[in-house]
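Numbering (the numbering used here), first residue to last: 127 to 447. Below is one structure; the comments refer to it alone.
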Amino acid sequence: MATPQIINIALLDADIPIPSVLSVRGLYSNIFRELLEAALIRLAKANLINSSPPPKVHFSAYDIVRGEYPSDPSSLSGIVISGAAGSAYDTDPWISTLHSWLRHVHANHPHVKLFGSCFGHQVICSALVPPPSSPAAGPAVVTKNPAGWELGIHAITLSPAFLRAFPVDVLALPSAPAFADRRDAKLKLQLVHSDHVNLPTGLPADDNDDAVFASIGWTPRCAVQGVYDGDRVLTLQGHFEFDRFVNTETVKVFGAKWEEGALREAIRMIEEGEGGKDDAGWAAEMVMAFFMGLGRERVVLGAGGAMVEGGLLTPPEEVEM
């Protein structure tokens, strides 16, 4: 009898939700686990995971602010880094430790895939994207966004380069909306951020295959709404783990000192932006497909253009129901 594949995913809590969210939804790691498990089931029902016996997917949570990390990174298949109130460029010891740990994992455990949301997206880029050689060469990798806060549900225009590079057709995933033209593909997510990532090559660029990290897409206010390297790193500036309730409660705290009109507009965008509907389920399916190595080929976005290599990791056997 074949041995099921074990997929170990570490969920790193970089913050604790505000009390009104924590009491109802638990930690961010709890929310991520529920959404990723549900995405896994949808992928299986859509016959996108097609071998047996079913794999066993294990999730484990760590409070990295308190210094908790997986003891053996080599045993992991993937890592999720949550959002946080802090910034990737803050000098808090736990953030410095996280930078060092990410660099170590990326350099020494090439089979481990990294995903980050909002702060997680920014800290992965801060740790792994080479900084500019001098201030004259460009801004730091993570900075305050001169355009200000981006709040509520916004439509992210997905880069054609990302759509080509991702090893499964993201537009064919179970929860993907229907688009008449692939060039019109947009991912709607809840957003709450005032920092942004600056990639050294300058983005958005639909066909930029020269960067190690390429932007997955953009909004008018933020040019890098996530990054993808063709194999090991996927990030999102938006929060697929935030729904209307979580984002509203969070923004009420973040915006406690804002002008009343600004807070009211932020909550309106959370509740009514893009028709009040987001694509959290679709994003979760992308992340789960990424972790499981679904797809027949991988595209490496590197200097000299995109390279198609042999296969990805052996496709997983199916989900554990």
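Ideal Cβ positions, reconstructed from N, Cα and C, are used throughout, including at glycine.
| query | Run through DSSP, which three-state label would H237 get? | reply | Along the sequence shown, one-based indexing puts residue 237 at 111. Coil at H237, not helix or strand.
| query | What separation, rounded to the nearest whole angstrom, lies between the Cα atoms of L289 and K171? | reply | By one-based count along the sequence shown, residue 289 stands at place 163. By one-based count along the sequence shown, residue 171 stands at place 45. The alpha-carbon atoms of L289 and K171 are separated by roughly 23 Å.
| field | Closest residue to A136 among T129, R159, S146 and R151 (Cα-Cα distance) | value | Start at 1 with the first residue of the sequence shown, and residue 136 comes out as number 10. Comparing Cα-Cα distances from A136 to each of T129, R159, S146 and R151, the minimum goes to R159.
| message | For E411 and A165, I'd like the C-alpha separation in whole angstroms. | response | Residue mapping note: residue 411 aligns to position 285 of the sequence shown, counting from 1. Residue mapping note: residue 165 aligns to position 39 of the sequence shown, counting from 1. Cα to Cα, E411 sits roughly 5 Å from A165.
| Start-to-end residues for the alpha helix (DSSP H) that takes in E398 | For the purposes of this step, residue 398 is identified with residue 272 of the sequence shown, where counting begins at 1. Note, E398: alpha helix (DSSP H), E386 to E398.
| query | Excluding the five sequence neighbours on either side, which residues of its own chain have a C-beta within less than 8 Å of the C-beta of G364, listed in chain order? | reply | Reading the sequence shown from its first residue, position 238 is the one you call residue 364. Annotation for G364: S243, C244, H280, I282, L313, L315, Q316, L317, Q351, G352 and A409 place their beta carbon closer than 8 Å to its own, counting only its chain and skipping 5 residues before and after.
| message | Mapping the DSSP letters down to three states, classify G77 as helix, strand or coil. | response | Residue 77 is absent from the model: the chain starts at 127 and stops at 447.
| query | Rounded C-beta distance between A266 and Y195? I'm assuming under 8 Å. | reply | Within the sequence shown, residue 266 is the residue found at index 140, counting from 1. Within the sequence shown, residue 195 is the residue found at index 69, counting from 1. At roughly 25 Å, the Cβ-Cβ gap does not stay under 8 Å, so A266 and Y195 are not in contact.
| Do three or more CB pairs link the region 248 to 257 to the region 299 to 309 at distances below 8 Å? | Touching, no.
| query | Do N220 and G193 have their C-beta atoms closer together than 8 Å? | reply | For this step, residue 220 is matched to residue 94 along the sequence shown. For this step, residue 193 is matched to residue 67 along the sequence shown. The sequence given here places Trp at residue 220; Asn does not occur at that position. The answer is yes: Cβ separation under 8 Å.
| query | Which residue's Cα is closest to the Cα of L389: P272, E375 and A291? | reply | One-based indexing of the sequence shown puts residue 389 at position 263. Ranked by how close their Cα comes to the Cα of L389, the residues P272, E375 and A291 have E375 in first place.
| query | Short check: CB of V359 to CB of L162, under 8 Å? | reply | If you number the sequence shown from 1, residue 359 lands on position 233. If you number the sequence shown from 1, residue 162 lands on position 36. Result no, Cβ atoms of V359 and L162 do not sit closer than 8 Å.
| said: Tell me the residue span of the alpha helix (DSSP H) that contains K378. | reply: In the sequence shown, the residue the question calls residue 378 occupies position 252. In this chain, the alpha helix (DSSP H) harbouring K378 covers R370 to F380.
| field | N373, buried or exposed, once every other Cβ within 10 Å from all chains shown has been counted against 16 | value | Position 247 of the sequence shown, counted from the start, is the residue given in the question as residue 373. The residue in question, N373, is buried, as its Cβ has 16 or more Cβ neighbours within 10 Å.
| Got a sec? Which residues, its chain only, sit under 7 Å from G204 by beta carbon, not counting five neighbours each side? | Here residue 204 corresponds to residue number 78 of the sequence shown, with the count starting at 1. Around G204: I135, V238, K239, F241 and F417.
| request: Excluding the 5 residues preceding and the 5 following R229 in the sequence, name in chain order all residues of the same chain whose CB lies nearer than 8 Å to its CB. | output: Translated into positions along the sequence shown, residue 229 becomes position 103. Its chain contains A253 and L254 as the residues whose beta carbon lies nearer than 8 Å to that of R229, once the 5 sequence neighbours on both sides are disregarded; these appear in chain order.
| Collapsed DSSP secondary structure at N134 in the structure displayed | On the sequence shown, position 8 is the one that residue 134 refers to. Of the three classes helix, strand and coil, the one that applies to N134 here is strand, per DSSP.
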